[in-house]
Amino acid sequence: MNTTVIRNWLNIIFMLGAIVGLIFYFTHHKETGIYIILISMVVKFAEASLRMFKV
């Protein structure tokens with residue numbers, strides 16, 4: 031599979047996770063929202079590492 035396709039999917043997962051995390055942060059339990067956002071950031075770091083190392 032092409033790395034561009036993988037990076038695009040990781041970006042989509044990151045954006046959805048960040049939106050869901052913000053919704054949880056402002057409407058529900060703040061700690062849960064922070065955890066969701068942190069997990070999304072891990073996905074973004076994975077995407078950025080693919081971009082930097084051109085795997």
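Letter by letter, the sequence shown follows residues 31 to 85 in the working numbering. Glycine is no exception: its CB is placed at the ideal position from the N, C-alpha and C atoms. These numbers come from a predicted model, not from an experiment.
Assigned with DSSP and collapsed to three states, Asn32 falls in coil, not helix or strand.
With a threshold of 16 other beta carbon atoms within 10 Å, Ser79 falls short and is exposed. Ile49 sits away from Tyr55, with the two beta carbons spaced by 8 Å or more. With a threshold of 16 other beta carbon atoms within 10 Å, Phe44 meets it and is buried.
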